[in-house]
Amino acid sequence: MDELNELSYFDAVVKECLRLHSPFENTIRIAQADDVIPVGKPFLDRSGRWRDRIYMKKGDGVFLPLLLMNRLEEIWGSDAAEFNPDRWLNLPEATNSVPSVWGNQFSFLSGPRSCIGFRFAVMEKNGILTQNPG
1217 MDELNELSYF
1227 DAVVKECLRL
1237 HSPFENTIRI
1247 AQADDVIPVG
1257 KPFLDRSGRW
1267 RDRIYMKKGD
1277 GVFLPLLLMN
1287 RLEEIWGSDA
1297 AEFNPDRWLN
1307 LPEATNSVPS
1317 VWGNQFSFLS
1327 GPRSCIGFRF
1337 AVMEKNGILT
1347 QNPG
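Start counting the sequence shown at 1217; every next residue gets the next number (the working numbering).
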């Protein structure tokens, strides 16, 4: 596996595959306590009021569309929906703001509820991709 870590373009291909084809498309999180979540860009709510934060009550659910977040043009650029491993050789600055346990992407989430098997999943994918079929 150490040899694979030295293959920067191979690593870029794996990261790009997992960015576009996340192991799961979305997830839901439930608030464990009341909280206020600031948003990066103000939005217009259903009542026609501009909001710069979201008020959460304990027990509220939050839907996280991981595939959509991994394809945001604001983060990945105008070619966000295209397969482009070269982006990993010179990452856009906006990817630094992505909370992630691996690869500046949402595929394995972040924090105490992140995927505990992400290292195994990446190693398994690397192993499969490098197997000699002959």
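Heads up, the beta-carbon is just placed ideally off N, CA and C, and yes, glycines get one too.
Given the structure is predicted, the values throughout are model-derived calculations rather than measurements.
Review point. Does the distance from the C-beta atom of F1299 to that of L1223 stay below 9 Å?
Key: Numbered from 1 along the sequence shown, position 83 holds the residue referred to as residue 1299. Numbered from 1 along the sequence shown, position 7 holds the residue referred to as residue 1223. No, Cβ-Cβ distance for F1299 and L1223 is not below 9 Å.
Practice item. Report the rounded CA-to-CA distance for R1267 versus P1254, giving the unit in angstroms. Key: Taking the sequence shown and counting its residues from 1, the one referred to as residue 1267 is at position 51. Taking the sequence shown and counting its residues from 1, the one referred to as residue 1254 is at position 38. So the two alpha carbons sit approximately 9 Å from each other.
Check your understanding: Hey, how far is the Cα of F1279 from the Cα of R1265?
Key -> Along the sequence shown, one-based indexing puts residue 1279 at 63. Along the sequence shown, one-based indexing puts residue 1265 at 49. Looking at the two C-alpha atoms, the distance is approximately 22 Å.
Practice item. Could you please give the first and the last residue of the uninterrupted alpha helix (DSSP H) stretch that includes L1280? Key: Taking the sequence shown and counting its residues from 1, the one referred to as residue 1280 is at position 64. Per DSSP, L1280 belongs to no alpha helix (DSSP H); it is in the beta strand (DSSP E), 1277 to 1280.
Review point. What number of angstroms, rounded off, separates the C-alpha of K1273 from the C-alpha of I1246?
Key: In the sequence shown, residue 1273 corresponds to position 57, counting from 1. In the sequence shown, residue 1246 corresponds to position 30, counting from 1. One C-alpha to the other measures close to 10 Å.
Check your understanding: Looking at the unbroken alpha helix (DSSP H) that takes in F1226, where does it start and where does it end?
Key -> If you number the sequence shown from 1, residue 1226 lands on position 10. Taken as a continuous stretch (DSSP letters only), the alpha helix (DSSP H) holding F1226 covers 1224 to 1236.
Practice item. Tell me the start and end of each unbroken beta strand (DSSP E) in the region 1245 to 1291 that is at least 3 residues and wholly inside, in chain order. Key: 1251 to 1260, 1266 to 1272, 1277 to 1280
Review point. So, L1234 versus G1319, is the Cβ gap smaller than 9 Å?
Key: Within the sequence shown, residue 1234 is the residue found at index 18, counting from 1. Within the sequence shown, residue 1319 is the residue found at index 103, counting from 1. In contact: L1234 and G1319 (Cβ atoms closer than 9 Å).
Exercise for review: Take the Cβ of K1257 as the centre, count every other Cβ of all protein chains shown within 10 Å, and call the residue buried at 16 or more, exposed below.
Suggested key: Residue 1257 sits at position 41 when you count from the first residue of the sequence shown. It is exposed - the Cβ of K1257 has fewer than 16 other Cβ atoms within 10 Å.
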